[in-house]
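K.L.:
Numbered as in numbering that gives the first Met the number 0, the sequence shown ends at 503 without a single skipped number.
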Amino acid sequence: MNSHDALAPVPLPAALTWIDTPPFRLAEEAVLTGDPDAVAFAAELLRARTGLALADGDGARISLALVPGGQAESFRIAADTASVALTAPDAAGLFHATHALAQLVRRDRDGWIVPAVRIEDAPRFAYRGVMLDVARHFFPVDVVRGYIDRAASLRANALHLHLTDDQGWRIQLASRPALTERGSGTAVGGAPGGFYTRDDYREIVRHAASRHMIIVPEVDGPGHTHAVGLGYPELVEAPVLGPDVLATVEELGGEPPVAGTPYTGVAVGFSSLRIRDEATYDFLADVLGELAALTPGPYLHIGGDEACGTPAEDYAEYVARVTALVADLGKIPVAWHEVGAVPDRADETVGQYWDHVSPRAAAAAATRSFAKAGSRVILSPADAVYLDMREEPDSRGSLWADGHTSLERAYGWEPADVLDGVGEEAILGVEAPLWTESSTTDADLDELAFPRLAAAMEIAWSPAGAEGREWESFRRRVGALAPLWRRLGIRFHPSPLVPWVEEA
Ligand code: TNX
Numbered sequence: 000m001n002s003h004d005a006l007a008p009v010p011l012p013a014a015l016t017w018i019d020t021p022p023f024r025l026a027e028e029a030v031l032t033g034d035p036d037a038v039a040f041a042a043e044l045l046r047a048r049t050g051l052a053l054a055d056g057d058g059a060r061i062s063l064a065l066v067p068g069g070q071a072e073s074f075r076i077a078a079d080t081a082s083v084a085l086t087a088p089d090a091a092g093l094f095h096a097t098h099a100l101a102q103l104v105r106r107d108r109d110g111w112i113v114p115a116v117r118i119e120d121a122p123r124f125a126y127r128g129v130m131l132d133v134a135r136h137f138f139p140v141d142v143v144r145g146y147i148d149r150a151a152s153l154r155a156n157a158l159h160l161h162l163t164d165d166q167g168w169r170i171q172l173a174s175r176p177a178l179t180e181r182g183s184g185t186a187v188g189g190a191p192g193g194f195y196t197r198d199d200y201r202e203i204v205r206h207a208a209s210r211h212m213i214i215v216p217e218v219d220g221p222g223h224t225h226a227v228g229l230g231y232p233e234l235v236e237a238p239v240l241g242p243d244v245l246a247t248v249e250e251l252g253g254e255p256p257v258a259g260t261p262y263t264g265v266a267v268g269f270s271s272l273r274i275r276d277e278a279t280y281d282f283l284a285d286v287l288g289e290l291a292a293l294t295p296g297p298y299l300h301i302g303g304d305e306a307c308g309t310p311a312e313d314y315a316e317y318v319a320r321v322t323a324l325v326a327d328l329g330k331i332p333v334a335w336h337e338v339g340a341v342p343d344r345a346d347e348t349v350g351q352y353w354d355h356v357s358p359r360a361a362a363a364a365a366t367r368s369f370a371k372a373g374s375r376v377i378l379s380p381a382d383a384v385y386l387d388m389r390e391e392p393d394s395r396g397s398l399w400a401d402g403h404t405s406l407e408r409a410y411g412w413e414p415a416d417v418l419d420g421v422g423e424e425a426i427l428g429v430e431a432p433l434w435t436e437s438s439t440t441d442a443d444l445d446e447l448a449f450p451r452l453a454a455a456m457e458i459a460w461s462p463a464g465a466e467g468r469e470w471e472s473f474r475r476r477v478g479a480l481a482p483l484w485r486r487l488g489i490r491f492h493p494s495p496l497v498p499w500v501e502e503a
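(1) Below 8 Å, can you find three or more Cβ-Cβ pairs linking the stretch 178-187 to the stretch 34-49?
(2) Might you give, ordered along the chain, the residues of its own chain that have their beta carbon closer than 7 Å to the beta carbon of residue 77, omitting 5 neighbours on each side?
(3) Looking at C-alpha atoms only, which residue of 352, 321, 330 is the closest neighbour of residue 344?
(4) Using a Cβ-Cβ cutoff of less than 7 Å, which residues in the same chain neighbour residue 274 once the five nearest sequence positions on both sides are dropped?
(5) Would you kindly work out how many angstroms separate the C-alpha atoms of residue 422 and residue 459, rounded to a whole number?
(6) Note down, in chain order, each residue of its chain lying with its Cβ closer than 8 Å to the Cβ of residue 349, except the 5 sequence neighbours on either side.
(7) Compute every distance between the C-beta of residue 165 and the non-hydrogen atoms of the ligand TNX, then say whether any falls below 6 Å.
(8) What runs of the alpha helix (DSSP H), each 4 residues or longer, lie entirely inside the stretch 211-274?
(9) Is residue 15 close to chain C? Criterion is C-beta to C-beta, closer than 7 Å.
(10) Reducing DSSP to helix, strand and coil, say where residue 79 ends up.
(11) When the distance is taken between beta carbons, is residue 465 closer than 7 Å to residue 11?
(12) Between residue 353 and the ligand TNX, is the CB less than 6 Å from at least one heavy atom?
(13) Residue 29 and residue 53: beta carbons closer than 7 Å?
(14) For residue 112, collect the residues of the same chain with a Cβ closer than 8 Å to its Cβ; drop the 5 residues on either side in sequence, then sort them by chain order.
(15) Between the C-alpha atoms of residue 260 and residue 229, what's the straight-line distance to the nearest angstrom?
(16) Measuring from the CB of residue 168, is there a heavy atom of the ligand COA at a distance below 6 Å?
(17) Would residue 216 and residue 294 qualify as a contact pair, given that the criterion is a beta-carbon distance under 7 Å?
(18) Using beta-carbon positions only, say whether residue 128 and residue 159 come within less than 7 Å of one another.
(19) Let's see if you can read the secondary structure: which residues bound the alpha helix (DSSP H) around residue 98?
(20) Quick check on the burial criterion: 16 or more other C-beta atoms within 10 angstroms. Buried or exposed for residue 87?
(21) Assuming residue 7 and residue 467 make a contact with CB atoms under 8 Å, what is their CB distance in whole Å?
(22) Do residue 94 and residue 211 have their CB atoms nearer than 7 Å?
(23) To the nearest angstrom, how far is it from the Cα of residue 438 to the Cα of residue 68?
(24) Please classify residue 400 as buried or exposed, where buried requires at least 16 neighbouring CB atoms within 10 angstroms.
(25) Can you find a heavy atom of the ligand TNX that lies under 6 Å from the Cβ of residue 443?
(26) Name, in chain order, the residues that DSSP records as bridge partners for residue 74.
(27) The beta strand (DSSP E) spanning residue 23 covers which residue range?
(28) If you draw a straight line from the alpha carbon of residue 190 to that of residue 288, how long is it in whole angstroms?
(29) How many Å lie between residue 501 and residue 485 at the Cα?
(30) To which residues does DSSP link residue 62 through a beta bridge?
(31) Could you tell me the distance, in whole angstroms, from the CA atom of residue 173 to the CA atom of residue 351?
(32) From which residue to which residue does the alpha helix (DSSP H) around residue 407 run?
(33) Kindly identify the DSSP beta-bridge partner or partners of residue 127.
(34) Please work out which residues of its chain come closer than 6 Å, Cβ to Cβ, to residue 412, disregarding the five sequence neighbours upstream and downstream, and give them in chain order.
(35) Quick one: does the C-beta of residue 267 sit closer than 6 Å to a heavy atom of the ligand TNX?
(36) So residue 234 packs on residue 272, CB below 8 Å; how close in whole Å?
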C-alpha cells in the first residue's frame, strides 16, 4: 500500500494510480471549463468543500468533458501539477467523477490541493439503491432532497420510496383522494403525518434526476395496507391479530390495530387488502396507473412482504394480478423476495432479497426463483445493509436482524456469494433500505445512514478484485471523508472502528 491510499475515493475506483509529481493547486484563479451543467455542479461542490469560488479566472484548469465511448456512468480522472481532467461518456459519469474529485481535494500547508493521480472507474452493478420509508415517519420534500444528495454522492442511482404502510399513505392521488385525506394524518407513536402532493412527488423525481437517480415508488400490498382502510374501508379485511402481532403489542406497549382507526404502533403482518373482490383491482389500476404516469423510471415496487394476514392462495392470486397490471402499464415490477414463492407472476419481476447474508432456506428458494425465471435480484441483506439496524450495541436503531450490526458487517459480504443460483449475472444490484420506526428527523437519518451507506455503495460499485477493496483500506478511506462530510453538514455516526480525520 502506498501512503496515499487512505486518500483514494469511496467507492474505491476500478483502477487508480498515484503519480509522483507535485499536486495540482486549487486556488481562486483556477478555472473550471467544459460541459456547463457539470461545471455548475462542480463549482457548487468544490465551493462547499473548500470555500473557493472557482469558475472564472485565468489560472490552471479543471476541465469536465463528455467524451463518447465506454460503459454507462463510467469516468476518468487525470490530475497532475498543471491540470485536472474529468471525462465521461455521459452526464452521470461526469457527476460521479466530480464527487470523486471532491473526495480527493484536501489541504496541505500551502492550501488546497488535488494529488496527482489517474483514475479509471465504472460500476460493477447497474442498480445501486437506497430506500427511505416515509410511511412510518413522514419526511418533507427538503429532507428527501437532502437524502438524495447524500446517496448520490456515494454513487447511488436509485431512491426507492416506501410510500405506503399500515401507519400512513403518503402520496396524494387524483383518482383516490381519500387515501391522503383520511390515511395520512399520523405516524408511528402518534407523530404528525403528512403526504406528498403530486407536485411534491414531481419535484422529488426532478431533483433525483438532477443527481442522476431514478425514483422507484412502492405501493406495498396485500399486507401493510391498514391505512388504505381509513379512506376506503370496503377494500380491506379486518385486522388479523396473530400471535406475533400481539407479542409486539405486548412488548412495546400501545394498542393493537383497530379497523378504521389510524395505527401508530410498529407491529407488522396484520392487514390485508380484499383479494377476492374486483374493487381491489380497480383500486390498484387507479393507484398504480397514476404512479406509473408520474414516474419516469422503469420500475414500480409492489411490496409483497410480510403478508401474514393473507391466506397463501389469496396471496398468489394477488401477486399474479398485480405484477401483470404493472407489466401492462409498461413498468418492471419489483417485489420483496416473498413474491418469489408464487410461480404465476410476470416473468420480468425483479426480486428484492431482505434475509441475512447467510440465507434461511425459504428466503433463498423464493429469491432463486427470480433468477430461474430469467429475471434479476436486488440484494438488501438485512444484517449487513439495513441502515435502521443498530450499528453499535447501544446506538440508535433496531435489533431484529440478528442483533446489532456494524460498519464492518455492512462492508464484509460479497454479493455473488449470498445465494446459490444467484450469481453475478442474476444480480441487478444492491440496495440499502432505511425503515423509519425509530427515526423522525433528518439528523436521525444521517446518524443511521453514515458511515454504513458508504460500505453498501462500495459493495455495489467497486469490482470485488480491485486493489484496496478490503476492510483495512475501506475504514481508512472512510475516515478521510470526515472533513468533506462535516463541510456538507452530514451528521455521521462516529463509528469507533474508523480513524476519523480532523482537518487543520
Ligand atoms: C420488516 S424488511 C419490514 C418492514 C419493517 C422492517 C423493520 C421488510 C421487507 N419489511 O415492514 O419496517 O422489518 O422493522
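The C-beta atom is built at its ideal place from N, Cα and C for all residues, glycine as well. All figures in this text were calculated on a predicted structure; none of them were measured in a lab.
P.N.:
In this structure, then:
(1) Not touching, per the Cβ criterion.
(2) Cβ within range, chain order: 84, 117.
(3) Taking only the C-alpha atoms, the option nearest residue 344 is 321.
(4) Counting only Cβ-Cβ distances below 7 Å, and skipping sequence neighbours, we find 221, 309, 313, 316, 317.
(5) If I take the Cα positions, the gap works out to 14 Å.
(6) Taking residue 349 as the centre and dropping the five residues before and after it, the same chain places the C-beta of 298, 331, 332, 333, 334, 369, 374, 375, 376, 377, 427 closer than 8 Å to its C-beta, in chain order.
(7) No - the ligand TNX has no heavy atom lying nearer than 6 Å to the Cβ of residue 165.
(8) Counting only runs of 4 or more, we get 227-230, 242-251.
(9) Given the protein chain composition of this structure (a single chain), no chain C is represented.
(10) If DSSP states are grouped into helix, strand and coil, residue 79 belongs with coil.
(11) Yes; because the gap between Cβ atoms is below 7 Å, this pair is in contact.
(12) True, at least one ligand heavy atom lies under 6 Å from that Cβ.
(13) Between residue 29 and residue 53, the CB-CB gap stays under 7 Å.
(14) Same-chain partners within the cutoff: 22, 23, 24, 25, 104, 105, 106.
(15) Looking at the two C-alpha atoms, the distance is approximately 7 Å.
(16) The ligand COA is absent from the structure shown, which contains only the ligand TNX.
(17) Yes, they are a contact pair.
(18) Yes, Cβ-Cβ distance for residue 128 and residue 159 is below 7 Å.
(19) Taken as a continuous stretch (DSSP letters only), the alpha helix (DSSP H) holding residue 98 covers 90-103.
(20) Buried, since its Cβ has 16 or more Cβ neighbours within 10 Å.
(21) About 6 Å separates the beta carbon of residue 7 from that of residue 467, a gap short enough to meet the 8 Å contact definition.
(22) Cβ atoms of residue 94 and residue 211: closer than 7 Å.
(23) So the alpha carbons of these two residues sit roughly 43 Å apart.
(24) The residue in question, residue 400, is buried, as its Cβ has 16 or more Cβ neighbours within 10 Å.
(25) Because no heavy atom of the ligand TNX lies under 6 Å away, the Cβ of residue 443 does not count as near it: no.
(26) Looking at the DSSP assignment, residue 74 forms a beta bridge with 120.
(27) Unbroken beta strand (DSSP E) run through residue 23: 23-25.
(28) Roughly 30 Å between the two C-alpha positions.
(29) So the two alpha carbons sit approximately 10 Å from each other.
(30) According to DSSP, residue 62 bridges with 32, 84.
(31) For residue 173 and residue 351, the distance between alpha carbons rounds to 29 Å.
(32) Residue 407: member of the alpha helix (DSSP H) spanning 406-410, first to last residue.
(33) The beta-bridge partner set that DSSP reports for residue 127 consists of 429.
(34) Only 356, 383 meet the Cβ criterion.
(35) For the ligand TNX, at least one heavy atom lies less than 6 Å from the Cβ of residue 267.
(36) Between the beta-carbon of residue 234 and that of residue 272 there is about 6 Å, and that keeps the pair under the 8 Å contact cut.
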